[in-house]
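Data block below; observations after.
Right under this line is the structure:
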């Protein structure tokens, strides 16, 4: 059976979109949402969005639930985290299939995503058990000083469509472990995955009102979360523009923002190409390039240019583009037309200014939708092109050259985004030079920018538009809790 025949019969197990507030499912009363599979073009789920009044009710419900949930012993909260993880594992295949259909990634990648989301909940429960306070020295012999961590309150969570299970899990698991309550607005492109997550909370026995799910656009739902005075913190993953809009309207709320990236992969003149080329290619084409820490641009020492180009062209030709449920597909379509149009613009601008496409270069014909994009290698990219200066978010491998390590660092840092970077070298001194010089929140040595482990701190470099704070394991919990200093007079 062909990939397209298999894809034509795809449908999600959840077809009616609902809100989840105070432990009960209900219909929204706002404009209708329609989820279209990027792989097939079929409508797979519909339902009304939340009105601002319904979002406000969800916030008030979360605030009421916080009064009791904040006092639940932390070991019980850790048990709830493990119970959510177990529920995710039980429904992994069903949730992964729906995720693949609505998001577009291959089914194998979707299964990995659901598994990692479960692992995040397990880790959050254990991290919370090990989160310690401090006993500080005192200048006064009759005073003892303790520093403790407490939950922060109602957290508004806004998450994107590229990883609709793992990115929400980063925030939701930390909140559940820490004793916070949540109002969650997932991306309107992938609300089916969000309903699966909420159902796992129900199966786990999480108290009513701890998680509240509201659907709808950022212009209405997100606006209420950002401005409502009862919301004490916001956790947001999205574009830099989205994060900046939220930051401008959020006032004095605690902000945890994981935003855009423009990750350079630097191939130094002594790089091991057998290691570098496949890892860079994976960073370019995984999830069709729709990852904030994708390999967005490739900076190659001029002596290695031809070998790197040949290797990346071969890697691009080995990508199997296909529908999300096709067993042989290694890359699916882009998720939405806005993303595909941005890739079109960046490629067209580069071509007009002298860059040349070596393989790929446009939308792939003979597929069910126009969202399938050819894995593309483009050479002759220069520093002033959009492919170098902005986040493209597509399956592209743009190649620039440099003559010295200092020039490579200057190219890499010539962006207002500073999320991730990667460098390939066999020289420990050179590796240290790059690690210290690159203005990125993460620098991977002999790995692509895309390499990441869920417990490591992840976020943007200060002064860039890549965000505020750090996600990852205990670091997310630290961001979404608050410190309290307690001074005790122990004099008789």
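Residue numbers (the numbering used here): 38 to 529.
Even glycine gets a Cβ: it sits at the ideal position worked out from N, Cα and C.
Just to confirm before moving on: does the CB-CB distance between residue i and residue j stay below 8 Å?
i	j	result
residue 305	residue 462	yes
residue 360	residue 366	yes
residue 362	residue 401	no
residue 203	residue 157	yes
residue 152	residue 261	no
residue 182	residue 195	no
residue 455	residue 326	no
residue 487	residue 259	no
residue 459	residue 478	no
residue 457	residue 298	yes
residue 483	residue 312	yes
residue 237	residue 420	no
residue 286	residue 255	no
residue 395	residue 346	yes
residue 530	residue 114	Outside the shown range of the chain (38 to 529) lies residue 530, about which nothing can therefore be said.
residue 249	residue 59	yes
residue 283	residue 263	yes
Taking the continuous beta strand (DSSP E) assigned at residue i, which residues delimit it?
i	result
residue 305	Segment: none, residue 305 is in no beta strand (DSSP E) and carries neither H nor E.
residue 272	268-274
residue 85	80-85
residue 354	Per DSSP, residue 354 belongs to no beta strand (DSSP E); it is in the alpha helix (DSSP H), 342-354.
residue 373	Element bounds for residue 373: n/a, residue is neither H nor E.
residue 71	69-73
residue 480	479-482
residue 394	393-396
residue 249	248-250
residue 461	457-461
residue 279	Unbroken run through residue 279 is the alpha helix (DSSP H), 277-286; no beta strand (DSSP E).
Which residue marks the beginning of the alpha helix (DSSP H) containing residue i, and which one marks its end?
i	result
residue 185	No alpha helix (DSSP H) contains residue 185, which is instead part of the beta strand (DSSP E) from 180-188.
residue 235	228-241
residue 205	203-215
residue 119	111-127
residue 101	89-106
residue 515	511-516
residue 162	144-166
residue 261	260-264
Just how far apart, CA to CA, sit residue i and residue j?
i	j	result
residue 291	residue 128	34 Å
residue 387	residue 330	22 Å
residue 288	residue 273	15 Å
residue 50	residue 318	34 Å
residue 405	residue 137	15 Å
residue 481	residue 65	44 Å
residue 411	residue 399	6 Å
residue 88	residue 134	29 Å
residue 108	residue 99	14 Å
residue 380	residue 275	17 Å
residue 209	residue 515	14 Å
residue 349	residue 302	13 Å
residue 160	residue 428	31 Å
residue 537	residue 187	The structure shown does not extend to residue 537, since the chain is modelled only from 38 to 529, so the question has no answer here.
residue 494	residue 509	5 Å
residue 332	residue 75	23 Å
residue 154	residue 316	23 Å
residue 205	residue 211	10 Å
residue 418	residue 314	18 Å
residue 471	residue 490	21 Å
If residue i and residue j are in contact, beta carbons under 8 Å, what's the gap, nearest whole angstrom?
i	j	result
residue 96	residue 267	5 Å
residue 241	residue 56	Not quite, the Cβ-Cβ distance comes to about 19 Å (not below 8 Å), so this is no contact.
residue 517	residue 270	6 Å
residue 140	residue 77	Not confirmed; about 13 Å, so no contact.
residue 336	residue 449	6 Å
residue 213	residue 192	So it is not a contact: roughly 10 Å between Cβ atoms.
residue 438	residue 342	5 Å
residue 277	residue 502	4 Å
residue 369	residue 143	5 Å
residue 373	residue 146	Contact doesn't hold; Cβ gap of about 17 Å is too wide.
For residue i, count neighbouring C-beta atoms within 10 Å of its own C-beta (all shown protein chains included) and say buried if the count is 16 or more, exposed if not.
i	result
residue 253	buried
residue 529	exposed
residue 403	exposed
residue 86	buried
residue 199	buried
residue 104	exposed
residue 436	buried
residue 520	exposed
residue 231	buried
residue 44	Legend: pLDDT at residue 44 = 39, less than 50; position of this residue unreliable, no value from coordinates given.
residue 169	exposed
residue 334	buried
residue 132	buried
residue 229	buried
The ligand FAD and residue i: does the residue's C-beta get closer than 7 Å to at least one heavy atom of that ligand?
i	result
residue 315	The ligand FAD is absent from the structure shown, which contains no ligands of any kind.
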